[in-house]
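Student:
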Amino acid sequence: MISRKTITSKLMACCGVMLVLTLALAYSSFVTFRSLGGQLKEAVTSEAAKISLAGALGEAICDLLSLERGIVLAAGDHEQAAQLDREFQGKFGEAVEALKGLQPLLETPVERQTAALADEGLREWETVHRD
Numbered sequence: 663m664i665s666r667k668t669i670t671s672k673l674m675a676c677c678g679v680m681l682v683l684t685l686a687l688a689y690s691s692f693v694t695f696r697s698l699g700g701q702l703k704e705a706v707t708s709e710a711a712k713i714s715l716a717g718a719l720g721e722a723i724c725d726l727l728s729l730e731r732g733i734v735l736a737a738g739d740h741e742q743a744a745q746l747d748r749e750f751q752g753k754f755g756e757a758v759e760a761l762k763g764l765q766p767l768l769e770t771p772v773e774r775q776t777a778a779l780a781d782e783g784l785r786e787w788e789t790v791h792r793d
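Each number in our numbering comes from the position in the sequence shown (counting from 1) with 662 added on.
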């Protein structure tokens, strides 16, 4: 059977098919990149929040250590010791809040175990501080 189509019509058909396939591939890539962008933004936001809260917790613990030393050094000056104790209680509350904010963001068992150890350490520290 002899084809009645000319070479021009065959080339035009091939170009049309290639154009349609190129547009389909471009649309597929666009949808994929848009979805990946959203997932990346969510992951970065979550990690940034974790890092921020972990930093706040570390800062609060360092402040607690320095306030505890200050209370020991100011043992003779009851007014100064009481002021440092009030600051200690405030910083302790900040540390507990940072740890509570961090809990829902933790994903791995190691992260959860570390947070549990930090919580246990804070509770023990509070008990020792009160004594």
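Beta carbons: idealized from backbone N, C-alpha and C, even for Gly.
This one's a predicted model, so the numbers in the text were calculated from it and none came from an experiment.
Can you give me the C-alpha to C-alpha distance between residue 712 and residue 701, rounded to a whole angstrom?
Tutor: The straight-line gap from Cα to Cα measures roughly 17 Å.
Student: Should residue 723 be labelled buried (16 or more other beta-carbon atoms within 10 Å of its own) or exposed?
Tutor: Its Cβ being crowded by 16 or more others within 10 Å, residue 723 is buried.
Student: Which whole-angstrom value describes the C-beta separation of residue 760 and residue 719, a residue pair presumed to lie in contact below a C-beta threshold of 8 Å?
Tutor: Yes, residue 760 and residue 719 are in contact; Cβ-Cβ is about 4 Å, under 8 Å.
Student: According to the neighbour-count rule (16 or more other Cβ atoms, all chains shown, within 10 Å of its Cβ), is residue 753 buried or exposed?
Tutor: Residue 753 should be labelled buried.
Student: For residue 670, decide whether its Cβ has a neighbour in chain D, counting only Cβ atoms nearer than 8 Å.
Tutor: Absence of chain D from the displayed structure is noted, only one protein chain being present.
Student: At what residues does the alpha helix (DSSP H) containing residue 753 begin and finish?
Tutor: Counting along the chain, the alpha helix (DSSP H) containing residue 753 begins and ends at 740-764.
Student: Take the Cβ of residue 698 as the centre, count every other Cβ of all protein chains shown within 10 Å, and call the residue buried at 16 or more, exposed below.
Tutor: Label assigned to residue 698: exposed.
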